[in-house]
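K.L.:
Chains as they are written, first to last, in our numbering: chain A, 1 to 174; chain B, 1001 to 1820; chain C, 2001 to 2332.
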Amino acid sequence: MPAQTLTATLHVNGREHALPDLDPRTTLLDALRESLGLTGTKKGCGLGHCGACTVLADGRRILSCMALAALYEGREITTIEGLAPEGGAARPHPLQQAFVERDAFQCGYCTPGQIMSAAGLIDEGRTGSPEEIREFMSGNLCRCGAYANIVAAVADVARTPLVPGAREPEQGRS
Amino acid sequence: MTTPTPRTPVPVHSPREAPSPVHSPREAPPSPASSTPGGVGSSPRRPDGTLKVTGEFAYSSDMWMDDMLWGATLRSPHPHARIRGIDVTGAVRMPGVHAVLTHEDVPGEKRYGLEYRDQPVLAFGKVRYRGEPVAIVAADHPETARRALDRVRVDYEVLEPVSDPVRAAFDPDCPLVHEAGEDLPPAHPAHHRSGNRVRYQPVRTGAFADGATAAEVRALADVVVTGEYQVGMQDQAFLGPESGLAVPAEDGGVDLHIATQWLHVDQSQIAPCLGLPPEKVRLTLAGVGGAFGAREDMSMQVHACMLALRTGRPVKIVYNREESFHGHVHRHPARLRYEHGATRDGRLVYATAEIVLDGGAYASTTAAVVGVASSLGLGPYEIPHARVDAYGVYTTNPPCGAMRGFGAVQACFCYESQLDRLAAELGLHPVELRIRNAMSEGSRTATGQRVDMPLPMADMLRRAREMPMPPERAAAGPVDVRALPGGVANTSRGEGVRRGVGYGVGLKNLCFSEGFDDYSTARVRLEVVGGEPAVQVHTAAAEVGQGLVTIKGQIARTELGVERVTVLPSDTRVGSAGSSSASRQSYMTGGAVRAACLAVRARVFELVRAAGLVGDDHPDELLGLAGGKVVSGARGVLVSLADLLGASAVEETREFRHRATEMLDPTTGQGASHTQFGMCVHRAVVDVDVDLGLVKVVALDAVQDVGRVLHPQQLAGQIQGGSAQGLGLALMEEIQVSGSVIRNPSFTDYLIPTILDVPPMRIEVLEHPDPHAPYGLRGAGEPPTLSSTPAIVAAVRAATGRPLSRIPVRPEDIVGIERD
Amino acid sequence: MRSFAYLSAPDIDTALHAVSAEPNAKFLGGGTNLVDLMREEIEQPDTVIDITRLPLAEVAELPGGGVRVGALVRNSHLAAHPLIRERYPVLSQAILHGASGQLRNMATVGGNLLQRTRCVYFYDTASPCNKREPGAGCAAAEGFHRNTAVLGTSEHCLAAHPSDMCVALAALDAAVEVRSVRGVRRIPVTDFHRLPGATPHVESDLAPDELVTAVEIPPLRAAANSRYRKVRDRASYAFALVSVAAALEVEDGRVRTARLALGGVGTRPWRAREAERVLADAPATEEAFDRAAEAELAAAVGRPDNAFKIDLARRTVTAVLRRLLTTDGSTP
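1. Could you give the DSSP three-state label for T2125 (chain C): helix, strand or coil?
2. Taking contact to mean 3 or more Cβ pairs, one atom from each stretch, closer than 8 Å, check whether the region 1700-1716 of chain B and the region 1760-1779 of chain B are in contact.
3. Could you pull the DSSP bridge partners for K2309 (chain C) from this structure?
4. Helix, strand or coil for E1605 (chain B), going by three-state DSSP, please let me know.
5. If you follow the alpha helix (DSSP H) that E1416 (chain B) is part of, which residue opens it and which one closes it?
6. Can you list the alpha helix (DSSP H) stretches of 4 or more residues lying completely in the region 1138-1200 of chain B, in chain order?
7. Say whether chain C places a C-beta atom closer than 8 Å to the C-beta of V1815 (chain B).
8. Would you decide whether G1287 (chain B) is buried or exposed? Buried here means 16 or more other CB atoms lie within 10 Å of its CB.
9. List the residues of chain A that N1509 (chain B) touches, going by C-beta distances under 9 Å, in chain order.
10. What are the start and end residues of the beta strand (DSSP E) that includes G1834 (chain B)?
11. Can you tell me the Cβ-Cβ gap for A1351 (chain B) and A1390 (chain B), rounded? I've got them flagged as a contact below 8 Å.
12. Could you pull out every unbroken alpha helix (DSSP H) segment of at least 4 residues lying fully inside the region 1070-1133 of chain B, listed in chain order?
13. Determine the extent of the alpha helix (DSSP H) in which G1371 (chain B) is found, giving its start and end residues.
14. Given a threshold of 16 other Cβ atoms within 10 Å of its Cβ, counted over all protein chains shown, does E1733 (chain B) qualify as buried or as exposed?
15. Please state whether the Cβ-Cβ distance between A118 (chain A) and L95 (chain A) is less than 8 Å.
16. Among B:E1466, B:G1531, B:R1434, whose alpha-carbon lies nearest the alpha-carbon of G1379 (chain B)?
17. Classify A155 (chain A) as buried or exposed, calling it buried when 16 or more other Cβ atoms lie within 10 Å of its own Cβ.
18. If we define contact as Cβ-Cβ less than 8 Å, is G2264 (chain C) a contact residue for chain A?
19. Give every residue of the same chain whose Cβ lies closer than 8 Å to the Cβ of L1587 (chain B), excluding the five residues on either side of it in the sequence, and list them in chain order.
20. Tell me, which residues are paired with A2238 (chain C) by DSSP?
21. Are any of the Cβ atoms in chain B nearer than 8 Å to that of E124 (chain A)?
22. Are any of the Cβ atoms in chain B nearer than 8 Å to that of L63 (chain A)?
23. Per DSSP, what kind of secondary structure is M1403 (chain B) in: helix, strand or coil?
24. Taking the C-alpha atoms as reference points, what is the distance between T2199 (chain C) and R2132 (chain C)?
25. I122 (chain A) lies in the alpha helix (DSSP H); which residues open and close that run?
26. For the candidate residues B:S1268, B:R1310, B:A1237, B:E1279, whose alpha-carbon lies nearest to that of A1294 (chain B)?
27. When the distance is taken between beta carbons, is L2262 (chain C) closer than 8 Å to F2289 (chain C)?
28. Report buried or exposed for S1299 (chain B), applying the criterion of at least 16 other Cβ atoms within 10 angstroms of its Cβ.
29. How about N2105 (chain C): is its C-beta nearer than 8 Å to some C-beta of chain A?
30. Output yes if chain C places a C-beta closer than 8 Å to the C-beta of L1256 (chain B); else output no.
31. Are the CB atoms of V2035 (chain C) and M66 (chain A) within a distance shorter than 8 Å?
32. Does any CB atom of chain A fall closer than 8 Å to the CB of T2032 (chain C)?
33. Could you compute how far the alpha carbon of R2259 (chain C) sits from the alpha carbon of R2227 (chain C)?
34. If contacts are defined as beta-carbon pairs under 8 Å, then V1593 (chain B) and A1542 (chain B) qualify, I think. What distance do you get, rounded to the angstrom?
35. Can you tell me where the beta strand (DSSP E) holding P1272 (chain B) begins and where it ends?
36. Could you name the residues of the same chain whose beta carbon sits closer than 7 Å to that of V1166 (chain B), not counting the 5 residues immediately before and after it, in chain order?
Next up, the structure:
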């Protein structure tokens, strides 16, 4: 089908992956999910409107559904599978832990994108207040409506005070 | 059969207690308190939670088999057209294409449907909505499959769309969407099907039942308010699009891994279409990326199976977002007319409602939606004389069916708007008027059904009114513009911003109604693993994010006194659990798990007696299970389960039913059609930039009675989520349909609330047990979706003085610029 | 998505030669619009030239107080840049009011200049659209057109320009630097985007072989007191119904300098010169602001779904100017 294929190398979660027959149409999202088997990154809309496919490229959060894989050769990509340095369910990243403890999801489909977006956001330093977290997390839709708990989970890790001014749910800390 | 990867085990291990976000004033002592950690009433972690946050949880779109093909669907570009011919030769010839199928290739029944089988597997004769599946392709690459669709030639004779639901309901000259002689199954005799009407349901009480005219009844009231309302088409907008993987089996059958709300009803529709007995169509629940009603109807289930059976290869189909908008049913848009009359002192005398629900091209659940809209169309108020006429119609608009709140959402917006108008006319506080007319235990609904469970509506309203108000906006000093309508894009510092407060309350039926044989099945197995007692729970119930897997584990721990519980994947190897809809799974599958656990308990106690640990006549009531041991009230620990069971296992399967319900009388609408009622009260506080029409919901606080809290943290999530979807309908969500075509099938143009739009909520939960329900619980997922919408719109009205009779409310409505 | 040949350009000359040799080639930067359009097969380039490695990602101060922004500067970087935040707060705000954090990390200045409309019929390949398929007709006129323009429309096209950034750039009199094998030229932003007229598919003055290399923003004292206001159906992550970029300098109660541009209502980023004319040397009062807005919108043509935008735009212009009159210059 493709008129031309490329040979590209993607750096994902600290490992190099050679993609010998990359169709240049392939998005980073499809390359991750279908070529590398990293299905933790989700396709919610495929058009950059929902945030479910958020990954980090050189530490900056981007939408992998809008990124052609070829353009990201040589950039360091981090996905939900690689967020925790040790990886996996055994030793989750503090954000992953906070999302579980705060019950910051229901169906969980948007969750990898939420967590990766939060990781990028904390690095951007825009987590000074619950309002700021809301403003800068607004590119990640959650239809189950777990937003209050997402704010709380991000605030936990970013050490953002949930009061004053804010009326976050009256949740204790475990 | 090769097992697709990755699979999703759902183990439940020793839970850690989570803090409760819910303030629960206990009104009644709970039914059996759980002494087992992670039991009923506590907040153990979701067993699938860690997998979901690490990306390991396998959603239906993550399923993969090495030799699988990709399916794709050719959809009608016209909302209404006759199919003159379909030519697939160009597509068949393409390299990489393995099958191209049309209606001629459907092996069995050519139509399916959730309640009424009128929907073609693949269109034949006519297409009745834009996006209707016409042909399907399997190819070795998704791009190849899409290219092949371009080469299928369909010859259409375009017909005029039937776009106006009011015309479809009332104009005898309106063209028929389903023409006579189409060989459809007979309609239910009580549904008054005729023309484009799928169902008409009248309800009459008081003078209306005796044939009084509106004018005669109107004379009984001092004050009358009327209103005409419109509710736009809402989409469930789950984040994980439709997807499934069908795997052909050696026995000629098929295994389908699918994200659905109801495995067995899918099975019962798929098998006849494939011409297979049900046991050869086996379904396993794949990870579900949200549902909210949209997965109750089938999408690609039959298509994937047909392609797999034809090619002999596994076939995966994944919809994209635009296709998803065409590929599932939506909430019925509605036109409604209401009239309420009251005495000067604020007692409702009569109410009438005419409700027209646009069902779109196929019946889906329209008849049941009409059943809810008619029976609950006037809400939780005591009204001596009531008249409701509810119509569900066929049009060539997108098919509509289940969405959270099912048939009760549209009416709730209207009756609550009416109560506010009436309160204004009477000079009463809206809460006061509601309290004066509130239903309570013992009240009768408009269908004559006695409410035989607690309904503390007046108390809930008082509590909502007395909740602390959010702080006033600072009159001076620094302002965080993010807190103002319009967010950071704000120019004002609050000048021109007005605050409004509004209330909403709604009544929702929980579980299936109108005589439906509603049941769930659970299999529970108790055995010893590694020297410790362990429980396995197996049901076919769909976990869609509501946290049912957690609840099932909690119930097993509570009833069997065993901490280690494993919830098996849901599939059709066990009996039906019914649908994950109607807020029914905690009640129904929870009830089934409990019943199976009680049966296992009884078997264990028999073993205790057989072992001579107690006398033969020692009654079960004096025995208990706790901490993995059998205990007796008098003698303490009798034996550990590990010692008692040894290598043997105790397994029981039980079906659980709620009490029977009745059909509504076809002419009077009378009947006890519901088994349980749920209620939520919202108080919304909004800031409105009245100059630019922007709304910021400052607070959206809720009081809900859930009978019994099973999991405080997950319950809070249900109330928050339901409220957020109601907020979306109030302020932004609408599928724009013009000429029967969806104009905004994307998340760019169909807007759902972001994290910035949904305010923190204060939630108060009451626990008045329903004596008919397991643990006294009440379904919780839907009631908040009803009441948050009218509360928010009422608050915006209070801030602006605008009538706002159409939802969603848009900036142009608020600043008072008329639109068509 | 249609197949295409992919070429990664190591330097500007290679990129320019490649595009001049290939009649149907497209440059790809952030991808936030072009990838979208390619997936929908509205754009079908034969060759895609990856320009992300070109050295065009600098923000630099110009002699005389202006700022030069490389075409590949990411939106988030530009919005956060101290030079922009201090001198042109309206630009910083306009960018931050668009899209989402992730998209702003990807989108480039050059790409944003070429962002294409969100008219629903442009995206619906089953409907006629003169912008997508010249001569096919315009379905929006009789169909759903709530998000279309009221200014600068023609019988052939109603599509609104979707960019926020361009509205601010239009108000600031920025210029676009473009290069081709034929040389370098500068185009004022206000001339860069074209009115639809009879050729709505031609959206900019950019020739097919030209590459946007930079945007230059001249010094403007009034810009220190500037704001961007966006009215939309959702508080974030949504396109504008109406937006206004404004800069205001007042002396002795009279308007010394006023710059105004509108978004969401125009077929291109709409520099409001009529309004500026009315404001010139006028008393800085709400009445004058209202009059200026009225003057600009006198030529607006509303349709049933979008006529409300005319009044909403008037209100928004007045609100922004009123705010600038009392501003303390702080930005969120």
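From the three backbone atoms N, C-alpha and C, an ideal C-beta is built for every residue, glycine too.
P.N.:
The relevant details are as follows:
1. Counting from one through the third sequence, the residue named residue 2125 (chain C) turns up at place 125. Here T2125 (chain C) sits in coil by DSSP.
2. The region 1700-1716 of chain B vs the region 1760-1779 of chain B: in contact.
3. Counting from 1 along the third sequence, the entry for residue 2309 (chain C) is found at position 309. For K2309 (chain C), which the question treats as bridged, DSSP gives no partner whatsoever.
4. The residue you call residue 1605 (chain B) lines up with position 605 of the second sequence. The displayed chain sequence assigns Phe, not Glu, to residue 1605 (chain B). Helix, per DSSP.
5. Taking the second sequence and counting its residues from 1, the one referred to as residue 1416 (chain B) is at position 416. It spans 1409-1426 - the alpha helix (DSSP H) in which E1416 (chain B) sits, taken as one unbroken run.
6. For the region 1138-1200 of chain B, whole alpha helix (DSSP H) runs of length 4 or above, ordered along the chain, are 1142-1150, 1165-1170.
7. The residue you call residue 1815 (chain B) lines up with position 815 of the second sequence. Yes - at least one Cβ of chain C is within 8 Å of the one on V1815 (chain B).
8. Here residue 1287 (chain B) refers to the residue found at position 287 when the second sequence is read from its first residue. Its Cβ being crowded by 16 or more others within 10 Å, G1287 (chain B) is buried.
9. Position 509 of the second sequence, counting from 1, holds the residue named residue 1509 (chain B). In chain order: nothing, as chain A lies at least about 22 Å away.
10. Past the edges of chain B, shown from 1001 to 1820, lies residue 1834 (chain B), and the structure says nothing about it.
11. Here residue 1351 (chain B) refers to the residue found at position 351 of the second sequence. Here residue 1390 (chain B) refers to the residue found at position 390 of the second sequence. Actually they are not in contact, since the Cβ atoms of A1351 (chain B) and A1390 (chain B) sit about 14 Å apart, beyond 8 Å.
12. You should have 1089-1092.
13. Translated into the one-based positions of the second sequence, residue 1371 (chain B) becomes position 371. For G1371 (chain B), the uninterrupted alpha helix (DSSP H) run begins and ends at 1366-1375, by DSSP.
14. In the second sequence, residue 1733 (chain B) corresponds to position 733, counting from 1. Classification of E1733 (chain B): buried, given that the 10 Å Cβ count is 16 or more.
15. The sequence position of residue 118 (chain A) within the first sequence is 118, counting from 1. The sequence position of residue 95 (chain A) within the first sequence is 95, counting from 1. Yes, they are a contact pair.
16. Locating residue 1379 (chain B) in the second sequence gives position 379, counting from the first residue. For G1379 (chain B), the nearest C-alpha among the options comes from B:R1434.
17. Counted from its first residue, the first sequence places residue 155 (chain A) at position 155. Classification of A155 (chain A): buried, given that the 10 Å Cβ count is 16 or more.
18. Sequence index remark: in the third sequence, residue 2264 (chain C) carries index 264 (1-based). It does not; no Cβ of chain A falls within 8 Å.
19. Stepping through the second sequence from its first residue, residue 1587 (chain B) is reached at position 587. For clarity, residue 1587 (chain B) is Tyr in the given sequence; the question names Leu instead. So the list reads L1510, C1511, H1658, Q1676, A1773, P1774, L1777, R1778, G1779, once near-sequence residues are dropped.
20. Residue numbering aside, residue 2238 (chain C) sits at position 238 when the third sequence is read from its first letter. Answer is none; A2238 (chain C) lacks a bridge partner.
21. Within the first sequence, numbered from 1, the residue matching residue 124 (chain A) stands at position 124. No - not a single Cβ of chain B is within 8 Å of the one on E124 (chain A).
22. Numbered from 1 along the first sequence, position 63 holds the residue referred to as residue 63 (chain A). So, not an interface residue.
23. For this step, residue 1403 (chain B) is matched to residue 403 along the second sequence. Coil, per DSSP.
24. In the third sequence, counting from the first residue as 1, residue 2199 (chain C) sits at position 199. In the third sequence, counting from the first residue as 1, residue 2132 (chain C) sits at position 132. Going by the C-alpha atoms only, they are around 11 Å apart.
25. In the first sequence, residue 122 (chain A) corresponds to position 122, counting from 1. Counting along the chain, the alpha helix (DSSP H) containing I122 (chain A) begins and ends at 111-124.
26. To locate residue 1294 (chain B), count along the second sequence from 1; it is residue 294. Among B:S1268, B:R1310, B:A1237, B:E1279, the Cα nearest to that of A1294 (chain B) belongs to B:A1237.
27. The residue given as residue 2289 (chain C) occupies position 289 in the third sequence. The residue given as residue 2262 (chain C) occupies position 262 in the third sequence. No; because the gap between Cβ atoms is not below 8 Å, this pair is not in contact.
28. In the second sequence, counting from the first residue as 1, residue 1299 (chain B) sits at position 299. By the 10 Å Cβ count, S1299 (chain B) comes out buried.
29. As a first step, residue 2105 (chain C) is located in the third sequence; it is residue number 105 there, counting from the start. So, interface residue.
30. Position 256 of the second sequence, counted from the first residue, corresponds to residue 1256 (chain B). L1256 (chain B) does not count as touching chain C.
31. As a first step, residue 66 (chain A) must be located in the first sequence, where it is residue number 66. As a first step, residue 2035 (chain C) must be located in the third sequence, where it is residue number 35. Closer than 8 Å, so yes.
32. Along the third sequence, one-based indexing puts residue 2032 (chain C) at 32. With 8 Å as the cut-off, T2032 (chain C) counts as an interface residue toward chain A.
33. Position 259 of the third sequence holds residue 2259 (chain C). Position 227 of the third sequence holds residue 2227 (chain C). C-alpha separation (whole angstroms): 10 Å.
34. Counted from its first residue, the second sequence places residue 1593 (chain B) at position 593. Counted from its first residue, the second sequence places residue 1542 (chain B) at position 542. Wrong, their Cβ atoms sit about 15 Å apart, outside the cutoff.
35. For this step, residue 1272 (chain B) is matched to residue 272 along the second sequence. Careful: P1272 (chain B) lies outside any beta strand (DSSP E), inside the alpha helix (DSSP H) at 1263-1274.
36. If you number the second sequence from 1, residue 1166 (chain B) lands on position 166. Counting only Cβ-Cβ distances below 7 Å, and skipping sequence neighbours, we find R1335, V1356.
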